[in-house]
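Protein chains: 2
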Amino acid sequence: MTNRIPLKHPRYLSLKTREKLVDGLKNGLVVTHGLIAHGRGEAFDYLLGEHTSQNALCAEKVASCLLLISKTPVISVNGNAAALCSKEIVKLSKLTNASIEVNLFHQNQKRSEVIAKTLIKDGATEVLGVNSKSKFAMKQISSGRRFVDKSGILNADTVFLAIEDGDRTEVLTSLGKTVISVDLNPLSRTAQSSNVTIVDNIIRAIPNMIDFAKKFAKNEISELSALVSQFDNKWNLVQSTKLIRHGL
Amino acid sequence: MTNRIPLKHPRYLSLKTREKLVDGLKNGLVVTHGLIAHGRGEAFDYLLGEHTSQNALCAEKVASCLLLISKTPVISVNGNAAALCSKEIVKLSKLTNASIEVNLFHQNQKRSEVIAKTLIKDGATEVLGVNSKSKFAMKQISSGRRFVDKSGILNADTVFLAIEDGDRTEVLTSLGKTVISVDLNPLSRTAQSSNVTIVDNIIRAIPNMIDFAKKFAKNEISELSALVSQFDNKWNLVQSTKLIRHGL
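Just so you know, the sequences run in chain order P and Z.
My numbering numbers the first residue of the first sequence as 1 and each following residue consecutively.
My numbering numbers the first residue of the second sequence as 1001 and each following residue consecutively.
Right, here's the structure in full:
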C-alpha cells in the first residue's frame, strides 16, 4: 500500500513506517498487539515533532560507545524492531561485535524463526534465541520474554533493548546488566529503569547509532568509558519529558 | 485472550479494550491501520490518566444535548467504534433519535456489512451507509470517507463522529453541519475543527452521553439550546491540552 501515500504528505515517513508494520503482520514478523504498541509510540513521536532531539542524539552516542566497550553485548530484537529496521540492526551488531537475540513478549517459535530468517537475509551471521535447547527461563519475568539464550542475554554485560514492552528492564538491571533501551515514552517503567534511555523513534535511533559506532570505533576504551560515565540518564529523561510537554 | 490479563493489572481496562480491537480484526470489523490508530489514542489516554476529566464530562453533556435538539442527527461509525462500543452506540442513537451510518476511511463493502450486522445484532433497527444505491460521493474528501448516505450524513444537521481519522471534519463544518467528535488528541485537525470535541476515550464517552441523554430527554429545547450555546470549544481544547501536559 506504500505507493498510495503521497510523497508530499506531511507525515509521509510516519505513514510509510506504519505500512512496514502492516507488512510485518502479513509476513508473520509482527503480532496484532505490536501494531497497537507502535501506535502508542507514534503518539509520543508526534509530540516530539517526529525528529531526533539533541538530547536523544546524545543518548545514542553514549549507547554506541557503551556497546563498543562492552565484552558481551546483545541486541534484543522483537517483531516490530525486525519489521522496522532489520538491516540496520545487523549493521550495528557487526560494528559493535554485539550478538543478536530474538526475544518476544508474545513468545512463538514459528515467529521467532521468521524474525531470525529476516535478520539472516539482511546479513546476520548468527541469531540467538531461536534454538530451544539453549533457552533459559528467567523466573523473575512473567511474559514470553523470560526465555533468554544461555549464550546471549543470560551471559550479556550490556543488553540493548530495541523496542521494549516494559516488563523486564528492572529484572535485567537487578542482575547487574547494563540496559540500553529505545522508548518514545520517557515516563514508562522501561525508560525509567534503563541505564541509557533513547527517547527517539527506532528508525532514526539505530542509523544514528551506526554513525556513532563508525566514528568511535578506533577510540581508546578509556575515552569511550569517560563519555559513558559522564552520561546522566535521569537528566536525559527529564529533558525528554520537557520536550514532549513543549510539543503540547 | 482476555482471560490472560490479571484483574489486578493496573491497566486492566486498557488491555481489555485492546483485546476487543484484536478480536475486531479477527471478526472483520477492524483493519490493521485501525489498531495503530487505537495505539495512538491509548498514549493520549495514558497521559490523561485513563479517566474522564470534568472538562470532557462537560463536552459529553453538551454533545448529548446537541443530539437531542438536532432534527437530523447522525452517528457516524467506523470499525474501531463498532468493535469497542456497538451496543452503546445503538442505545445512544435510540435515546437521541439519531441515525447510525457506517463510514470508513478504508472503504470496503464487505467490512461495512459486517459492521452493520454487528450494530443490528446489538439492537439497531436501521444502519445507513451500506446500500450502495443511496451513496453519494463528497468530492472534497479524498479517502473512502467521501461516500456518505443520502439519507444520512449528506442530509444531517449534526454529525457525531465516533472516532475520527481526521480528514473530513473541516469539510463537514464548511457545509454548515455541526460536528461532534471524540478525539483523545486535542491538537488534531479533527479536534480543532469540530464544534464540540470530546477529549476522552470512546468507551467512557458514550456511556456518559447515554446518561446525559436520559437525564435531559424531557427538558425543553430552549433549555438544551442554552446549554449548548454556552459551550466554548476553544476553551475546552485549551483545558484538555493542559490536562495532558499536566500528565507529563
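Just so you know, even glycine gets a beta-carbon here, dropped at the ideal spot from N, CA and C.
No experiment lies behind these values; they were computed from the predicted model shown.
For the beta strand (DSSP E) that residue i lies in, which residues bound it at each end?
i, result
"Z:I1100", "1099–1102"
"Z:D1023", "Run containing Z:D1023: none in the beta strand (DSSP E); it sits in the alpha helix (DSSP H), 1012–1026."
"P:T72", "Taken as a continuous stretch (DSSP letters only), P:T72 belongs to no beta strand (DSSP E), as it is neither H nor E."
"P:V179", "178–182"
"P:T197", "196–198"
"P:A137", "135–137"
"P:A162", "158–162"
For residue i, does the count of other Cβ atoms within 10 angstroms reach 16, so buried, or fall short, so exposed?
i, result
"P:D232", "exposed"
"Z:S1142", "exposed"
"Z:T1178", "buried"
"Z:S1132", "exposed"
"P:T197", "buried"
"Z:M1001", "Residue confidence is low: Z:M1001 scores 39 on pLDDT, short of 50, so the model does not pin down where it sits. No coordinate-derived value is stated."
"Z:A1217", "exposed"
"Z:A1191", "buried"
"P:N3", "The predicted position of P:N3 is uncertain, since its pLDDT is 45 and thus under 50; no value can be drawn from it."
"P:G24", "buried"
"Z:E1220", "exposed"
"P:L7", "exposed"
"P:Q230", "exposed"
"Z:H1038", "buried"
"Z:A1226", "exposed"
"Z:G1152", "buried"
"Z:T1052", "buried"
"Z:T1125", "exposed"
My understanding is that residue i touches residue j, with C-beta atoms under 8 Å, so please give their C-beta distance in whole angstroms.
i, j, result
"P:L154", "P:I180", "The pair is not a contact, with the Cβ atoms about 17 Å apart (cut-off 8 Å)."
"P:L119", "P:I100", "6 Å"
"P:E88", "P:P207", "6 Å"
"P:N236", "P:N55", "6 Å"
"Z:D1045", "Z:L1243", "With a Cβ gap of about 11 Å, Z:D1045 and Z:L1243 do not count as contacting."
What first and last residue would you give for the alpha helix (DSSP H) that runs through residue i?
i, result
"Z:V1238", "1233–1247"
"P:D149", "Where P:D149 is concerned, there is no enclosing alpha helix (DSSP H), although the beta strand (DSSP E) it sits in stretches over 147–149."
"Z:T1173", "1169–1174"
"Z:I1260", "No answer is possible for residue 1260 of chain Z: the residues shown for chain Z start at 1001 and end at 1248."
"Z:L1227", "1221–1229"
"P:L47", "32–47"
"Z:V1127", "Where Z:V1127 is concerned, there is no enclosing alpha helix (DSSP H), given that its DSSP letter is neither H nor E."
"P:V114", "109–121"
"Z:F1212", "1202–1216"
"Z:A1191", "1189–1193"
Should residue i and residue j be called a contact, given that it needs their Cβ atoms to be closer than 7 Å?
i, j, result
"Z:R1145", "Z:N1080", "no"
"P:S70", "P:D157", "yes"
"P:L67", "P:A98", "yes"
"P:K135", "P:F147", "yes"
"Z:A1043", "P:R11", "no"
"Z:G1123", "Z:V1090", "yes"
"Z:L1095", "Z:A1205", "no"
"P:R245", "Z:L1248", "yes"
"P:I36", "Z:L1035", "yes"
"Z:I1202", "Z:L1092", "no"
"Z:S1076", "Z:V1159", "yes"
"P:S193", "P:E170", "yes"
"P:T32", "Z:V1022", "yes"
"P:V199", "P:S240", "yes"
"P:A116", "P:V127", "yes"
"P:L62", "P:V238", "With the sequence shown as reference, residue 62 of chain P is identified as Val, and Leu is not the correct amino acid for it. Result no, Cβ atoms of P:V62 and P:V238 do not sit closer than 7 Å."
"P:A82", "P:L29", "yes"
Would you say residue i lies against chain C (beta-carbon separation less than 7 Å)?
i, result
"Z:L1067", "The chain inventory of the structure shown lacks chain C, comprising the protein chains P and Z."
Going along the stretch 30–58 of chain P in order, which residues come within less than 8 Å of chain Z, judged by CB to CB distance?
T32, H33, L35, I36, A37, H38, G39, R40, G41, E42, A43, F44, Y46
Mind listing which residues of the stretch 156–175 of chain P have their C-beta closer than 8 Å to chain Z's C-betas, in chain order?
Listed by position along the chain: nothing, the set is empty.
Where the stretch 13–24 of chain P meets chain Z: residues whose CB sits under 8 Å from a CB there
R18, L21, V22
Residues of the stretch 1226–1245 of chain Z with Cβ closer than 7 Å to any Cβ of chain P, in chain order
T1241, I1244, R1245
Note down, in chain order, all residues in the stretch 1103–1126 of chain Z with a beta-carbon under 7 Å from any beta-carbon belonging to chain P.
Taking 7 Å as the Cβ-Cβ cut-off against chain P, none of the residues of the stretch 1103–1126 of chain Z qualify.
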